[in-house]
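Colleague:
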Amino acid sequence: MSGSRRGTLYVFLAAVLYSIGGLCIKVIPWGGMAINGGRTLIAAAVIGLYLAVIRHPLRMNRWVLLGALCVFGTNALFSVANKLTTAANTIVLQFTAPIFVILFSILLFHRTPGRLDLLACVWVLGGVVCFFVDSLSAGGVLGNILALLSGMAYAGVFLLNDMPDSDPISSVFWGDLISAAAGLPFLLRETDFSPVPMLSLVVLGVFQVALAYILMVEGLKTTPAVTASLVSGVEPVLNPILVALFCQERIGPLALAGAAVVIAGVIVYNILRIQQIKETAT
Numbered sequence: 098m099s100g101s102r103r104g105t106l107y108v109f110l111a112a113v114l115y116s117i118g119g120l121c122i123k124v125i126p127w128g129g130m131a132i133n134g135g136r137t138l139i140a141a142a143v144i145g146l147y148l149a150v151i152r153h154p155l156r157m158n159r160w161v162l163l164g165a166l167c168v169f170g171t172n173a174l175f176s177v178a179n180k181l182t183t184a185a186n187t188i189v190l191q192f193t194a195p196i197f198v199i200l201f202s203i204l205l206f207h208r209t210p211g212r213l214d215l216l217a218c219v220w221v222l223g224g225v226v227c228f229f230v231d232s233l234s235a236g237g238v239l240g241n242i243l244a245l246l247s248g249m250a251y252a253g254v255f256l257l258n259d260m261p262d263s264d265p266i267s268s269v270f271w272g273d274l275i276s277a278a279a280g281l282p283f284l285l286r287e288t289d290f291s292p293v294p295m296l297s298l299v300v301l302g303v304f305q306v307a308l309a310y311i312l313m314v315e316g317l318k319t320t321p322a323v324t325a326s327l328v329s330g331v332e333p334v335l336n337p338i339l340v341a342l343f344c345q346e347r348i349g350p351l352a353l354a355g356a357a358v359v360i361a362g363v364i365v366y367n368i369l370r371i372q373q374i375k376e377t378a379t
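Quick note, the sequence shown lines up with residues 98 to 379 if you use our numbering.
(1) Gly362 by DSSP, collapsed to three states: which one?
(2) Would you call the region 336-347 and the region 112-119 in contact, with 3 or more CB pairs under 8 Å?
(3) What is the C-beta distance between Asn179 and Asn241, in whole angstroms, given that I count them as a contact (C-beta under 8 Å)?
(4) Report the rounded CA-to-CA distance for Met295 versus Gly302, giving the unit in angstroms.
(5) In the DSSP assignment, the alpha helix (DSSP H) including Met249 goes from what residue to what residue?
(6) Buried or exposed: Ser329, going by 16 or more other Cβ atoms within 10 Å of its Cβ?
(7) Could you tell me whether the Cβ atoms of Leu257 and Phe201 are closer together than 7 Å?
(8) Do Ile203 and Pro210 count as a contact pair if the criterion is CB distance below 7 Å?
(9) Just how far apart, CA to CA, sit Tyr147 and Pro350?
(10) Looking at Thr137 and the ligand COA, is the gap between the Cβ and the nearest heavy atom below 6 Å?
(11) Could you say which of Arg159, Pro292, Val238, Gly170 lies nearest to Arg280 if we only look at CA atoms?
(12) Quick one: give me the first and last residue of the alpha helix (DSSP H) that Gln191 is part of.
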């Protein structure tokens, strides 16, 4: 298998592993912070072992620390949001991260937005509004807000990874440790440690967090950005399907329409943006 095909396969497998997060969180009868604390503690052990095997030294500086805080925010908000709103709403609203990258670049780095950037923001915002209108009767407004904040934190992860002296995998390791420490008090309050929640927690920590991240990092080394963008679109589609199949969680019609708008908008934006960069370079 060629390097590019192997890389694409790794990105696809990472997206599939990420997509099981909603289902596993739904079947664990704990609070979101307790779940996140447990899964990230396991993930930190796995990633720490991986770092030792590849002999990658752990680093710490301001960019690594800020990245770790964004990783913590992404994971914690995602877990809590999954308990307050549907898995579909949570994952698709987190999928808005590229739009927040645009907004943060404008506000923090004073980058002049292009027409494509503005159109993408307006388009995705329209999809986001559908989620909140749909949730007025479903009572999931707080969950939707937290999911959107998770997308903002995820955007911070992307931005900080491009900073001088950043080290993404160190940020993930430290972020997982922060998550584990923050979740420990909540985890100690839980009483149900039966096989189903414990097995689900191990699956989350080993596969949905640690292995998925490792595969994504390795896959992106040889996978074209357009291909990675398209393949990653599997996650927000597969995540709610798994929850609907095993937990009978239904998606409202407006939320379903919003999901289609957001996913299509993000993927098309990524493709057109990369084409613009290539044309500018030539």
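Where is the CB? At the ideal position from N, CA and C, for every residue including glycine.
Modeller: On the basis of the supplied data:
(1) Along the sequence shown, read from residue 1 onward, the residue named residue 362 stands at position 265. DSSP places Gly362 in helix when its eight states are reduced to three.
(2) yes
(3) Here the question's residue 179 lines up with position 82 in the sequence shown. Here the question's residue 241 lines up with position 144 in the sequence shown. No, Asn179 and Asn241 are not in contact; Cβ-Cβ is about 11 Å, not under 8 Å.
(4) For the purposes of this step, residue 295 is taken as the residue at position 198 of the sequence shown. For the purposes of this step, residue 302 is taken as the residue at position 205 of the sequence shown. If you take the alpha carbons of Met295 and Gly302, they lie about 11 Å apart.
(5) If you number the sequence shown from 1, residue 249 lands on position 152. Start and end: 238-258.
(6) In the sequence shown, counting from the first residue as 1, residue 329 sits at position 232. Buried, because 16 or more other Cβ atoms sit within 10 Å of the Cβ of Ser329.
(7) Within the sequence shown, numbered from 1, the residue matching residue 257 stands at position 160. Within the sequence shown, numbered from 1, the residue matching residue 201 stands at position 104. Not a contact, by the Cβ cut-off of 7 Å.
(8) On the sequence shown, residue 210 is found 113 positions in, with the first residue counted as 1. On the sequence shown, residue 203 is found 106 positions in, with the first residue counted as 1. Their beta carbons are under 7 Å apart, which means Pro210 touches Ile203 by this criterion.
(9) Working through the sequence shown from its first residue, we reach residue 147 at position 50. Working through the sequence shown from its first residue, we reach residue 350 at position 253. If I take the Cα positions, the gap works out to 43 Å.
(10) This structure simply doesn't include the ligand COA, nor any ligand for that matter.
(11) As a first step, residue 280 must be located in the sequence shown, where it is residue number 183. What sits at residue 280 in the sequence shown is Gly, not Arg. Residue Gly170 is the option with its Cα nearest to Gly280.
(12) Position 94 of the sequence shown, counted from the start, is the residue given in the question as residue 191. Unbroken alpha helix (DSSP H) run through Gln191: 184-191.
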